[in-house]
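**Student:**
2 protein chains.
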Amino acid sequence: MALIVQKFGGTSVGSVERIQQVAEKIKGFRERGDDLVVVVSAMSGETNRLIDLAKQIQADPDPREMDVIVSTGEQVTIGLLAMALKAIGVEAVSMTGPQVRILTDSAHGKARIQQIDDERMRSELAAGRVVIVAGFQGADENGAITTLGRGGSDTTGVALAAALKADECQIYTDVDGVYTTDPRVVERARRLDRITFEEMLEMASLGSKVLQIRSVEFAGKYAVPLRVLHSFKEGPGTLITLEDNVSMEQPVISGIAFNRDEAKLTIRGVPDTPGVAFKILGPVSAANIEVDMIVQNVSMDNTTDFTFTVHRNEFRKAESILKQVASDIGAREVAADDKIAKVSIVGVGMRSHAGVASSMFEALADEGINIQMISTSEIKVSVVIDEKYLELAVRALHTAFGLDAPAAEDA
Amino acid sequence: MALIVQKFGGTSVGSVERIQQVAEKIKGFRERGDDLVVVVSAMSGETNRLIDLAKQIQADPDPREMDVIVSTGEQVTIGLLAMALKAIGVEAVSMTGPQVRILTDSAHGKARIQQIDDERMRSELAAGRVVIVAGFQGADENGAITTLGRGGSDTTGVALAAALKADECQIYTDVDGVYTTDPRVVERARRLDRITFEEMLEMASLGSKVLQIRSVEFAGKYAVPLRVLHSFKEGPGTLITLEDNVSMEQPVISGIAFNRDEAKLTIRGVPDTPGVAFKILGPVSAANIEVDMIVQNVSMDNTTDFTFTVHRNEFRKAESILKQVASDIGAREVAADDKIAKVSIVGVGMRSHAGVASSMFEALADEGINIQMISTSEIKVSVVIDEKYLELAVRALHTAFGLDAPAAEDA
Numbered sequence: 001m002a003l004i005v006q007k008f009g010g011t012s013v014g015s016v017e018r019i020q021q022v023a024e025k026i027k028g029f030r031e032r033g034d035d036l037v038v039v040v041s042a043m044s045g046e047t048n049r050l051i052d053l054a055k056q057i058q059a060d061p062d063p064r065e066m067d068v069i070v071s072t073g074e075q076v077t078i079g080l081l082a083m084a085l086k087a088i089g090v091e092a093v094s095m096t097g098p099q100v101r102i103l104t105d106s107a108h109g110k111a112r113i114q115q116i117d118d119e120r121m122r123s124e125l126a127a128g129r130v131v132i133v134a135g136f137q138g139a140d141e142n143g144a145i146t147t148l149g150r151g152g153s154d155t156t157g158v159a160l161a162a163a164l165k166a167d168e169c170q171i172y173t174d175v176d177g178v179y180t181t182d183p184r185v186v187e188r189a190r191r192l193d194r195i196t197f198e199e200m201l202e203m204a205s206l207g208s209k210v211l212q213i214r215s216v217e218f219a220g221k222y223a224v225p226l227r228v229l230h231s232f233k234e235g236p237g238t239l240i241t242l243e244d245n246v247s248m249e250q251p252v253i254s255g256i257a258f259n260r261d262e263a264k265l266t267i268r269g270v271p272d273t274p275g276v277a278f279k280i281l282g283p284v285s286a287a288n289i290e291v292d293m294i295v296q297n298v299s300m301d302n303t304t305d306f307t308f309t310v311h312r313n314e315f316r317k318a319e320s321i322l323k324q325v326a327s328d329i330g331a332r333e334v335a336a337d338d339k340i341a342k343v344s345i346v347g348v349g350m351r352s353h354a355g356v357a358s359s360m361f362e363a364l365a366d367e368g369i370n371i372q373m374i375s376t377s378e379i380k381v382s383v384v385i386d387e388k389y390l391e392l393a394v395r396a397l398h399t400a401f402g403l404d405a406p407a408a409e410d411a
Numbered sequence: 001m002a003l004i005v006q007k008f009g010g011t012s013v014g015s016v017e018r019i020q021q022v023a024e025k026i027k028g029f030r031e032r033g034d035d036l037v038v039v040v041s042a043m044s045g046e047t048n049r050l051i052d053l054a055k056q057i058q059a060d061p062d063p064r065e066m067d068v069i070v071s072t073g074e075q076v077t078i079g080l081l082a083m084a085l086k087a088i089g090v091e092a093v094s095m096t097g098p099q100v101r102i103l104t105d106s107a108h109g110k111a112r113i114q115q116i117d118d119e120r121m122r123s124e125l126a127a128g129r130v131v132i133v134a135g136f137q138g139a140d141e142n143g144a145i146t147t148l149g150r151g152g153s154d155t156t157g158v159a160l161a162a163a164l165k166a167d168e169c170q171i172y173t174d175v176d177g178v179y180t181t182d183p184r185v186v187e188r189a190r191r192l193d194r195i196t197f198e199e200m201l202e203m204a205s206l207g208s209k210v211l212q213i214r215s216v217e218f219a220g221k222y223a224v225p226l227r228v229l230h231s232f233k234e235g236p237g238t239l240i241t242l243e244d245n246v247s248m249e250q251p252v253i254s255g256i257a258f259n260r261d262e263a264k265l266t267i268r269g270v271p272d273t274p275g276v277a278f279k280i281l282g283p284v285s286a287a288n289i290e291v292d293m294i295v296q297n298v299s300m301d302n303t304t305d306f307t308f309t310v311h312r313n314e315f316r317k318a319e320s321i322l323k324q325v326a327s328d329i330g331a332r333e334v335a336a337d338d339k340i341a342k343v344s345i346v347g348v349g350m351r352s353h354a355g356v357a358s359s360m361f362e363a364l365a366d367e368g369i370n371i372q373m374i375s376t377s378e379i380k381v382s383v384v385i386d387e388k389y390l391e392l393a394v395r396a397l398h399t400a401f402g403l404d405a406p407a408a409e410d411a
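Chains A and B supply the protein sequences, listed in that same order.
Residue 83 in full-length UniProt numbering sits at position 83 of the first sequence, and the numbers go up by one each step.
Residue 303 in full-length UniProt numbering sits at position 303 of the second sequence, and the numbers go up by one each step.
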């Protein structure tokens, strides 16, 4: 008999029918004898409806009161799911974040969990009940309602699993697991049976939006086995775990991540003096613009070129700041390009394998794809390329690193 | 500087614009220096939306979970109103029932308040904030969310006023006070400046739906001065207080109440033996049908006639029970009539004035209106008449007891 924490997102509980389907699924687990704590989000659309209402009152809504309002979305879902379970003969009880006693700091709208009291949940579990917990919320030490920020229900699931020392935290979504890359781009993308927390973090931060990054960090930190599954289809999903030495046979690369969210800015002919990088990036960061990749070329003629990427939403703002900077520091020109894409290969296996980067560059060269920027980390190599080559690059890399699923005739 | 508890119902906070209007009103009170605790209901329509949602899941919804769901309606309003106040520069803070610590019993959906902790509200008031409290809700000793039943926001307002020993509890509604009778029936109906709790209770229970009966009982018990006012029109409203001996000049009758909600059942030719009343009413009450007026005629020929009224919704059910009873006890026949109306004169003044009932009967006789049933209490005389005479009777009594407002030319 296992203790499992399950999390169902807004789409999985988006209608009365879906809530009833989730209840049936939970009933199946109960019949197999598992103890269950189930975390749910607001019904899809509900959080946006509440935010819209608040913004009609106050364009820049008060964060404390915003949390009072949006936290009601999850509260409605827990009540409905508990009812749906009782309607089919499964004992269940709902709990809001404050009722569980999920203690957070007071950063309304983006609160962090500080402590979870597992006593109330345990006593309900001991009484044979499924415990339904509202995701995304808690209370600070003064009893004020807080929310963890959007997507925070995943974090609630993982945090409860850690507090309860659950056997597994299952995140139910609209995909049946984590894939080697986006199946819409590569037809032969494969579902991974396992992936490490580190790999998942890199995949998630690079645009594979299966899980919230924070929940993966949290799961890694507390070594909570995390499984991604489809809400309404059967299947083993993907287990996200600590790197395990048993399966050293794992491939070098686990997946290919990519995004089109970034834009590239280059400042050319920068006088190459100490502190110039700060002079360029200081004003950008002062404007709260986050910078991703940064490349500085080797200096020639006492000048250098400096390139970095920002989110496309902040592209124009960053460009105008950079033009001012260029004039201030006597640089030659600013070049801007938002028709780029970033492609990354991710895998803990590359730690112990040399030549992964060069295999990547070779595969791209074979397709005639020019690399504009390169950055590497311990388990990832990322390149920036022309946006129009994105799909081609991802498919080429997927094949080159042996990730393609067997073709139908091979199976 | 007074401490005032104000309560705004669902219609008063039914839209973003109305919430903003309420905020402006509150701002005016703050500028006059009053400390304010404001109780609000769910936005009109919201509670019904939530109930409908729950009923789609469970036809007979679990009461505990129903409270979890419906209590979110008020929670959204408190957040929105606190925001609306902050948006116009008024310091405010929202509190749910559990956050105030409104302790109730565990009778979900119809919980009763047991204790209110005034400490948190007082500390917010001391900090110069308007305290916005969700009406209609509390928590039981286990921390489960409870609701006081529909219309319970009035009760929350009165209970908070009692706990805080507030100078006044103001109930804002869609009428500008309590009237001598329904102005839609009697054009010259007058707003009362004052009315006693007892009179208000009789008026309310007889169909003047200005206030919830329970909140008036509560206010009377704790001697909380209660004032009914219009949400969006200026005016003194009506103050509901303890009977005060200062104003002995008050008229004998304060108002004329009436309703069309009842139906009349008569069982004729009942053998007049001890215990016959119980034999007749026992089965009716066992079916959870509430009986209002009861009249038993003087016995003739060892048989008697027995008449009572029930709510029209339960008329057919009561009739079929009564037919069975008639056959069981050997009564002659059952007569049923749902074309009746009940008209009552109410006033604490009648305690010290003889002849009030006969004045009433005379006024009705002058209009040729036949009285079918009579019942009296210390401060009320009620009669049942044919429904078609209702308006005529109310107008005749309103004039006979000197309640008519001065005509325009007299003013």
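Here a beta-carbon is modelled for each residue, glycine too, at the ideal position from N, C-alpha and C.
1) Grab me the residues of Ala219 (chain A)'s own chain with a C-beta within less than 6 Å of its C-beta, minus the 5 sequence neighbours each way, in chain order.
2) Which chain B residues sit within Cβ distance under 7 Å of Gly138 (chain A)?
3) Examine chain E for any beta-carbon lying closer than 8 Å to the beta-carbon of Leu50 (chain A), and answer yes or no.
4) Work out the CA separation of Glu74 (chain B) and Ile294 (chain B) for me, nearest whole Å.
5) Quick one: using the 10 Å Cβ neighbour count with 16 as the cut-off for buried, is Ala134 (chain A) buried or exposed?
6) Going straight from the alpha carbon of Glu243 (chain A) to that of Asp167 (chain A), what length do you get?
7) Bridge partners for His311 (chain A) per DSSP, in chain order?
8) By DSSP, does Arg191 (chain A) sit in helix, in strand, or in coil?
9) Any C-beta of chain A sitting closer than 8 Å to the C-beta of Leu242 (chain B)?
10) Could you tell me whether the Cβ of Met248 (chain B) comes closer than 8 Å to any Cβ of chain A?
11) Using DSSP bridges, identify the partner residues of Leu3 (chain A).
12) Under 8 Å, Cβ to Cβ, is there at least one residue of chain A near Ile78 (chain B)?
13) I want to verify the contact list: residues of chain A whose CB lies under 8 Å from the CB of Gly128 (chain B), in sequence order.
14) Can you tell me whether Asp62 (chain A) is buried or exposed, with buried defined as 16 or more other CB within 10 angstroms of its CB?
15) Only counting the same chain, and skipping five residues up and downstream in sequence, which positions put a Cβ closer than 6 Å to that of Glu124 (chain B)?
16) Is it the case that the Cβ atoms of Leu281 (chain A) and Val270 (chain A) are separated by a distance below 8 Å?
17) Return yes when the Cβ of Phe258 (chain A) is within less than 8 Å of the Cβ of Val343 (chain A), no when it is not.
18) Keeping to the same chain, check which residues put their C-beta closer than 7 Å to that of Arg18 (chain B); ignore five residues upstream and five downstream.
19) What does a CB cutoff of less than 6 Å around Asp338 (chain A) pick up in its chain, not counting 5 residues either side in sequence?
20) Tell me, please, which residues DSSP counts as bridged to Thr303 (chain A).
21) By the DSSP assignment, the beta strand (DSSP E) with Glu333 (chain A) in it spans what residues?
22) With a floor of 3 residues, list each beta strand (DSSP E) that falls wholly inside the region 110-164 of chain B, ordered by position along the chain.
23) Name the chain B residues whose beta carbon is nearer than 7 Å to that of Gln56 (chain A)?
24) By the three-class DSSP mapping on this structure, what secondary structure does Lys317 (chain B) have?
25) Express the C-alpha separation of Phe232 (chain B) and Ile385 (chain B) in angstroms, rounding to a whole number.
26) On the DSSP bridge list, what partners appear for Glu168 (chain B)?
27) Short of 7 Å in beta carbon distance, which residues of its chain neighbour residue 412 (chain A), apart from the five on each side in sequence? Order them along the chain.
28) Can you tell me where the beta strand (DSSP E) holding Ser381 (chain A) begins and where it ends?
29) Considering only residues of the same chain and omitting the five flanking positions on each side of Asp410 (chain A), which have a CB-CB separation below 8 Å?
30) If we count the other Cβ atoms within 10 Å of its Cβ and call it buried at 16 or more, is Gln137 (chain B) buried or exposed?
31) Shorter than 8 Å from the beta carbon of Leu53 (chain B) to some beta carbon of chain A?
32) Give the DSSP-derived three-state secondary structure of Gln372 (chain A) in the structure shown.
33) In this structure, how does DSSP classify Ala400 (chain B) when only helix, strand and coil are distinguished?
34) State buried or exposed for Gln114 (chain B), treating a residue as buried only when at least 16 other CB atoms are found within 10 Å of its CB.
35) Going by alpha carbons, who is nearest to Gln372 (chain A) out of A:Glu31, A:Ala87, A:Leu364, A:Val383?
36) Which of the three DSSP states is assigned to Arg227 (chain A) in this structure?
**Tutor:** In short, the structure shows the following:
1) Val158, Leu226
2) In chain order: nothing, as chain B lies at least about 14 Å away.
3) Absent from the structure is chain E; the protein chains it does hold are A and B.
4) 40 Å
5) buried
6) 17 Å
7) A:Glu262
8) strand
9) no
10) At Met248 (chain B) the pLDDT is 49, less than 50, meaning the model places this residue with poor confidence; the figure from the coordinates comes in the next sentence. It does not; no Cβ of chain A falls within 8 Å.
11) Looking at the DSSP assignment, Leu3 (chain A) forms a beta bridge with A:Asp35.
12) yes
13) By Cβ distance, chain A contributes nothing, its closest Cβ being about 16 Å from Gly128 (chain B), past 8 Å.
14) buried
15) Val93, Val131
16) no
17) yes
18) The residues are Ser12.
19) Ala263, Arg312, Phe315
20) A:Pro271, A:Met300
21) Note, Glu333 (chain A): beta strand (DSSP E), 333-337.
22) 113-116, 130-134, 137-139, 145-147
23) Val16
24) helix
25) 37 Å
26) B:Ile4
27) For chain A, the structure presents residues 1 to 411; residue 412 (chain A) sits outside this window and is missing.
28) The amino acid occupying residue 381 (chain A) in the given sequence is Val; Ser does not appear at that position. If you look at Val381 (chain A), you'll find it in the beta strand (DSSP E) that goes 380-386.
29) Summary for Asp410 (chain A): the model assigns pLDDT 47, below 50, so the residue's position carries little reliability; its value from the coordinates is reported in the next sentence. Once the five neighbours on either side are set aside, Asp410 (chain A) has no close Cβ partner at all.
30) buried
31) yes
32) DSSP places Gln372 (chain A) in strand when its eight states are reduced to three.
33) helix
34) exposed
35) It is A:Val383 whose Cα lies nearest to the Cα of Gln372 (chain A).
36) strand
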